[in-house]
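Peer 1: Here the sequence shown is numbered in my numbering, starting from 8 and rising by one per residue. Below you'll find the structure I mean.
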Amino acid sequence: MLENVLAKHNCTFKIKLTVKSIVSAALVVLAVVLPRLVHLAAGAAGGVQWLPMYLPVLLGGCLLGAYWGLGIGVVSPVVSFLLTVASGNPMPALAKLPFMVAELAVFAVVSGLFTKKIAQNGWLAFPAVLLAQVSGRAAFMLLAIVFSFAAPFTPAEILVQIQTGFAGMILQAVLVPFAVMAIKKLLDKSRN
């Protein structure tokens, strides 16, 4: 979606790269800070229930597309881990990190595939987010099954985790599309 706006403004490659880099960095920061705030407010269980890192990643996919979204989805949990490992309480835990990177990558790529259509019709952010959520959670479950010999959790535990995070998924399925539509509206106004 952002690419369309930048192209309509006849921005140079350098400007496009700069804008996308700044937006991506801001979303990665949000993906690192938001879970910390949720953990402070709701404890460790709050992260599993509200899934705060997913929101900026879904937003990144919808706004920036599959490639930039993929970067946000992969970098966010790694940066969060690296910044929190020194505290003795890394988020996410090392054993869960590869699974979360894969899940968030799927979230970002799937939502990012809709970015051009969202630029035309903001309401398409709803199916983009829903399909991304289902795909990401399915990928997480599939990886847990495939790597069950080495995973620190069983598929049954993942199913419980998915059920626990259902409220967060619903919240994101509403918040992200409305945020995308609001940003689209602001960008459309700036174009005129």
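Cβ coordinates follow ideal geometry from the N, Cα and C atoms, glycine included.
Compare the Cα-Cα distances from M98 to each of I169, G76, L47 and E10 and report the closest residue.
Peer 2: Out of I169, G76, L47 and E10, L47 has the C-alpha closest to the C-alpha of M98.
Peer 1: DSSP state of K103, grouped into three classes?
Peer 2: Correct three-state label for K103: coil.
Peer 1: If you check the beta carbons only, do A109 and G76 fall under 8 Å apart?
Peer 2: Not a contact, by the Cβ cut-off of 8 Å.
Peer 1: Evaluate G95 with the Cβ neighbour count: other Cβ atoms within 10 Å of its Cβ, from every protein chain shown; 16 or more gives buried, anything less gives exposed.
Peer 2: Exposed, since its Cβ has fewer than 16 Cβ neighbours within 10 Å.
Peer 1: Between P42, L65 and A102, which lies nearest to A158 when the distance is taken from Cα to Cα?
Peer 2: Per the Cα distances, A102.
Peer 1: Measuring alpha carbon to alpha carbon, tell me which residue in Q140, L193, G172 and D195 is nearest A51.
Peer 2: The option with the nearest alpha carbon to A51 is G172.
Peer 1: Check whether the segment 57-70 touches the segment 172-183, counting contact only when three or more Cβ pairs, one atom from each stretch, lie closer than 8 Å.
Peer 2: The segment 57-70 vs the segment 172-183: in contact.
Peer 1: Kindly list the residues whose CB is nearer than 7 Å to the CB of A186, restricted to its own chain and excluding five residues on each side of it in sequence; keep chain order.
Peer 2: So the qualifying residues of the chain are L66.
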